[in-house]
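K.L.:
Supplied in structure tokens, the structure appears directly below.
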Amino acid sequence: FDDPPGLHEKTEYLLREWVTMYHSPAAGRDSTKAFTAFVQQMHQQGILKTDDLITRFFRLCTEMCVDLCYRALSEQTHSPTLIRAKCFHTLDAFVRLIALLVKHSGDSANTVTKINLLHKVLGIVAGVLIQDHEVRCTEFQQLPYHRLFIMLFIELNAPEPILESINLQVLLAFCQVFHILRPAKAPGFAYAWLELVSHRVFIGRLLALTPQQRGWGMYAQLLMDLFRFLSPFLRNAELSKPTQLIYKGTLRVLLVLLHDFPEFLCDYHYAFCDVVPSNCIQMRNLILSAFPRTMRLPDPFTPNLKVDSLPDIAQQPRILTNFVSMIQPSSFKKDLDSYLKTRAPINFLSELRSNLQQSVEPGCHYNIPLINALVLYVGTQAIHFIHGKGQSSSMGTIAPSSHMDIFQNLAVNLDTEGRYLFLTAIANQLRYPNSHTHYFSCTILYLFAQANNEQIQEQITRVLLERLIVNRPHPWGLLITFIEMIKNPNFKFWNHEFVHCAPEVDKMLESVARSCL
Amino acid sequence: PLGPVPLVKDHVYQLTMLDAAYQHLPHPSDSERLRHYLPRNPCPTPSYYYQLPPPHADSVDFFTRLSTETLFFIFYYMEGTKAQYLAAKALKKQSWRFHTKYMMWFQRHEEPKTITEDFEQGTYIFFDYEKWGQRKKEGFTFEYRYLE
Amino acid sequence: PGIDLTTLGLNLNSPEILYSTFQSPWAEAPCRPQDIDFHVPSEYITN
Chain A
2 FDDPPGLHEK TEYLLREWVT MYHSPAAGRD STKAFTAFVQ QMHQQGILKT
52 DDLITRFFRL CTEMCVDLCY RALSEQTHSP TLIRAKCFHT LDAFVRLIAL
102 LVKHSGDSAN TVTKINLLHK VLGIVAGVLI QDHEVRCTEF QQLPYHRLFI
152 MLFIELNAPE PILESINLQV LLAFCQVFHI LRPAKAPGFA YAWLELVSHR
202 VFIGRLLALT PQQRGWGMYA QLLMDLFRFL SPFLRNAELS KPTQLIYKGT
252 LRVLLVLLHD FPEFLCDYHY AFCDVVPSNC IQMRNLILSA FPRTMRLPDP
302 FTPNLKVDSL PDIAQQPRIL TNFVSMIQPS SFKKDLDSYL KTRAPINFLS
352 ELRSNLQQSV EPGCHYNIPL INALVLYVGT QAIHFIHGKG QSSSMGTIAP
402 SSHMDIFQNL AVNLDTEGRY LFLTAIANQL RYPNSHTHYF SCTILYLFAQ
452 ANNEQIQEQI TRVLLERLIV NRPHPWGLLI TFIEMIKNPN FKFWNHEFVH
502 CAPEVDKMLE SVARSCL
Chain B
760 PLGPVPLVKD HVYQLTMLDA AYQHLPHPSD SERLRHYLPR NPCPTPSYYY
810 QLPPPHADSV DFFTRLSTET LFFIFYYMEG TKAQYLAAKA LKKQSWRFHT
860 KYMMWFQRHE EPKTITEDFE QGTYIFFDYE KWGQRKKEGF TFEYRYLE
Chain C
162 PGIDLTTLGL NLNSPEILYS TFQSPWAEAP CRPQDIDFHV PSEYITN
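See below:
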């Protein structure tokens with residue numbers, strides 16, 4: 002609003018001028034000669050006089066670039082290659098101008114002015130995008146914004162000393178703007194957003210090159226944004242083509258992470274599984290299958306595999322999510338801690354189910370993040386308690402205990418939906434050899450063995466089986482748990498009626514058993 | 760046992776916008792610099808053709824086995840890409856040298872007769888990418904210091 | 162049953178890292194060398 006009179010014309014003239022200078026052979030290496038001359042013109046036009054004018058200048062330039070793209074995109078006669086060449090002719094020049102202004106604003110030691118200017122420009126582009134997204138609705142086009150963001154990111158990650166010194170703040174600035182433009186906020190930009198977030202330079206910078214893994218938390222946040230957006234659409238199994246494409250794209254990105262950065266998936270598996278819908282079995286398996294590259298996993302089908310004696314089995318895995326803070330309200334947490342210590346208040350167990358329920362909406366009666374946090378918290382407390390006695394997790398050491406009271410109470414008192422979520426929370430801990438995998442594997446087998454009715458045993462079998470019958474990968478902890486359950490005669494697995502409830506189930510279990518044994 | 764969950768209004772809007780965005784997906788070349796000389800123009804080839812580059816196609820060894828003309832083609836027409844970088848490395852392995860002052864590639868044609876501080880006597884061939892062929896550079900003193 | 166993840170165009174058994182040639186979430190194949198922008202010496206930009 003209230004652009005000073007003549008500013009629009011001035012800006013249009015300057016932008017046109019810059020594009021010409023940028024493309025002229027005399028621009029010099031990285032357009033530095035052209036830039037020196039152009040900054041003079043900006044001064045003469047008074048653009049650099051105040052912060053407000055600079056802000057208006059960038060907004061007007063962004064809007065002009067966007068309008069140019071919409072005009073080019075509307076020319077049906079042109080091929081996509083020609084349209085893109087037209088759009089990028091101006092966009093790439095504008096990007097170079099921004100990059101040069103960021104690099105050369107303030108003196109070379111003053112990184113604050115550079116980063117402030119970058120935040121300003123990214124915020125302006127995001128603002129123009131969101132307004133455009135709201136105004137044009139389904140006519141919105143991602144092209145100009147995608148190009149601006151990715152080319153600016155690549156320019157500001159060039160191997161130059163001045164840029165290396167501000168690289169972490171540059172990464173943070175881009176992560177912040179991509180979080181602002183997350184798919185739930187700008188769904189029309191979702192495909193371009195995933196393209197940006199999974200770009201090889203972006204992943205390389207955030208997950209590989211930034212020291213001390215300081216980009217991992219930012220990247221995890223962006224993946225959470227993606228899972229939260231996909232969740233309601235994946236929750237209902239039939240996917241529309243657009244959803245199927247972005248789902249498949251997500252799987253590709255996760256495969257790259259599983260292959261190149263498995264430790265990243267290990268560290269954030271809990272947060273990711275908190276938002277990935279529980280019926281998204283293969284994607285969740287993919288996340289849970291990650292294990293540290295330094296670790297050698299014993300073949301789960303090894304006959305008489307002694308899990309207890311594996312060197313890593315007692316190692317506590319790193320979980321970079323503050324899951325304890327998810328146990329709300331604090332009064333519930335206080336009662337929980339008290340019960341774990343003293344088995345009082347006695348009504349804690351009888352009220353447990355109502356504490357976990359959240360609504361009467363069909364299909365989401367329960368507070369899933371709370372169930373996940375409760376299960377992991379009680380489990381880690383139990384492991385701590387067992388290790389405190391110099392023991393390790395086993396069928397003999399995990400019970401009797403106040404921790405197992407809670408798990409058994411949940412297994413018996415929850416309805417089918419609640420128990421499915423409870424067992425899913427346990428199964429989400431069956432990963433590579435570590436103390437959590439070990440404890441929760443014993444726990445789910447213990448619940449199977451101690452179940453006072455067959456329905457519980459059937460549901461435990463279902464929860465494990467639904468994760469095994471999908472395409473690979475399958476987490477190591479899941480395999481060894483299921484193998485133990487069908488192999489160990491103490492569980493009398495094959496005696497249960499539900500094992501033979503249908504010929505195809507019988508056949509499938511037989512084939513799984515054969516591959517296991 | 761969770762069953763489907765009906766989409767709330769917000770999610771319906773998001774799905775509508777996603778469907779619209781699906782009509783104009785970003786293209787991988789949108790994340791790459793403009794290729795003035797060799798823009799991507801994917802043409803569908805019969806499925807029995809190789810659909811993927813051979814393994815290690817992005818290694819110097821692979822490029823070293825390409826013909827000199829191919830390397831020069833890659834060097835001059837795929838500028839600013841990893842292919843150009845690999846082609847340059849392969850050309851050096853084929854004993855070509857890039858003269859930064861004259862922006863040309865040279866290959867010693869015969870061992871130089873004398874080497875003094877700042878230039879080498881000898882006859883040189885260079886690759887003339889205008890005529891796309893190798894040519895001998897007559898009476899040329901090789902300014903050693905510009906050798907890249 | 163999910164998807165056979167080996168059919169998504171990623172060489173999952175590759176000893177090299179995948180991300181540096183990751184072309185796009187929708188691409189069925191990795192980048193080729195000519196698709197990857199590279200910081201070559203500026204003298205190479207001869208055009």
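Protein chains in written order, with the working numbering: chain A, 2 to 518; chain B, 760 to 907; chain C, 162 to 208.
Note that CB positions come from ideal geometry on N, CA and C, so glycine has one too.
Just so it is clear, the structure is predicted and the values come from calculations on it, not from any experiment.
1) Rounded to the nearest angstrom, how far is the Cβ of residue 246 of chain A from that of residue 142 of chain A, given a contact under 8 Å?
2) Name the residue from A:319, A:148, A:482, A:363 whose alpha carbon lies nearest to the alpha carbon of residue 449 of chain A.
3) For the beta strand (DSSP E) that residue 893 of chain B lies in, which residues bound it at each end?
4) Measuring alpha carbon to alpha carbon, tell me which residue in A:248, A:264, A:168 is nearest residue 232 of chain A.
5) What did DSSP end up calling residue 358 of chain A once you bin it into helix, strand or coil?
6) Which class does residue 437 of chain A belong to by DSSP, given the choice of helix, strand or coil?
7) Whole angstroms are fine: how far does the CA of residue 244 of chain A sit from the CA of residue 139 of chain A?
8) Taking the continuous alpha helix (DSSP H) assigned at residue 217 of chain A, which residues delimit it?
9) Mind checking residue 340 of chain A: buried by the 16 CB within 10 Å criterion, or exposed?
10) So which of A:488, A:174, A:264 has the shortest CA-CA distance to residue 293 of chain A?
11) By alpha-carbon positions, which one of A:40, A:196, A:219, A:400 ends up nearest to residue 169 of chain A?
12) Does the separation of the CB atoms of residue 836 of chain B and residue 797 of chain B fall below 8 Å?
13) Could you tell me which residues DSSP pairs with residue 757 of chain B in its beta bridges?
14) What are the uninterrupted segments assigned as alpha helix (DSSP H) that are 4 or more residues long and contained completely in the segment 232 to 277 of chain A, given in chain order?
15) Taking the continuous beta strand (DSSP E) assigned at residue 884 of chain B, which residues delimit it?
16) Let me check understanding here. Comparing Cα to Cα, which of A:66, A:85, A:153, A:24 lies closest to residue 100 of chain A?
17) Tell me which residues share the same chain as residue 309 of chain A and place their Cβ nearer than 7 Å to its Cβ, disregarding the 5 neighbours each side in the sequence.
18) Figure out for me which residue from A:179, A:84, A:167 has the closest Cα to the Cα of residue 103 of chain A.
19) Assign residue 781 of chain B to one of three DSSP states: helix, strand, or coil.
20) Take the Cβ of residue 156 of chain A as the centre, count every other Cβ of all protein chains shown within 10 Å, and call the residue buried at 16 or more, exposed below.
21) Based on DSSP bridge pairs, tell me the residues matched to residue 367 of chain A.
22) Name the residue from A:105, A:313, A:493, A:420 whose alpha carbon lies nearest to the alpha carbon of residue 457 of chain A.
23) Strictly under 8 Å for the Cβ-Cβ distance: is residue 148 of chain A near chain C by that measure?
24) Going by C-alpha distance, which of B:827, B:844, B:842 is nearest residue 887 of chain B?
25) Tell me which residue opens and which closes the alpha helix (DSSP H) that residue 116 of chain A is part of.
26) Just to confirm my understanding: we take residue 176 of chain A, look at its own chain, exclude 5 residues before and 5 after, and list those with CB closer than 6 Å. What are they?
27) Return yes when the Cβ of residue 427 of chain A is within less than 8 Å of the Cβ of residue 438 of chain A, no when it is not.
28) Between the C-alpha atoms of residue 367 of chain A and residue 418 of chain A, what's the straight-line distance to the nearest angstrom?
29) According to the Cβ coordinates, are residue 267 of chain A and residue 229 of chain A closer than 8 Å?
30) Taking only beta-carbon atoms, is residue 160 of chain A less than 8 Å away from chain C?
31) In chain order, what residues of the same chain have a beta carbon less than 7 Å from the beta carbon of residue 316 of chain A, not counting five sequence neighbours either side?
32) Put residue 465 of chain A into one of helix, strand or coil per three-state DSSP.
33) Taking the continuous alpha helix (DSSP H) assigned at residue 9 of chain A, which residues delimit it?
34) Consult DSSP for residue 2 of chain A and reduce its assignment to one of helix, strand or coil.
35) In the structure shown, what three-state DSSP assignment does residue 343 of chain A receive?
36) Report buried or exposed for residue 297 of chain A, applying the criterion of at least 16 other Cβ atoms within 10 angstroms of its Cβ.
P.N.:
So, to answer that:
1) At roughly 17 Å, the Cβ-Cβ gap does not stay under 8 Å, so residue 246 of chain A and residue 142 of chain A are not in contact.
2) A:482
3) 892 to 896
4) The candidate whose alpha carbon is nearest that of residue 232 of chain A is A:248.
5) Looking at residue 358 of chain A - three-state DSSP - the assignment turns out to be strand.
6) helix
7) 16 Å
8) 217 to 236
9) buried
10) For the residues A:488, A:174, A:264, the minimum Cα distance to residue 293 of chain A belongs to A:264.
11) A:219
12) yes
13) Outside the shown range of chain B (760 to 907) lies residue 757 of chain B, about which nothing can therefore be said.
14) 242 to 261, 263 to 276
15) Looking at the DSSP string, the run of the beta strand (DSSP E) that includes residue 884 of chain B is 883 to 887.
16) The residue from A:66, A:85, A:153, A:24 with its alpha-carbon nearest to that of residue 100 of chain A is A:153.
17) 393, 395
18) Residue A:167 is the option with its Cα nearest to residue 103 of chain A.
19) In the structure shown, residue 781 of chain B sits in a helix (DSSP, three-state: H, G or I).
20) buried
21) DSSP lists A:358 as partners of residue 367 of chain A.
22) A:420
23) No, no contact with chain C.
24) B:827
25) 112 to 137
26) Result list for residue 176 of chain A: 219, in chain order.
27) no
28) 8 Å
29) no
30) yes
31) 435, 436
32) helix
33) 8 to 24
34) coil
35) helix
36) exposed
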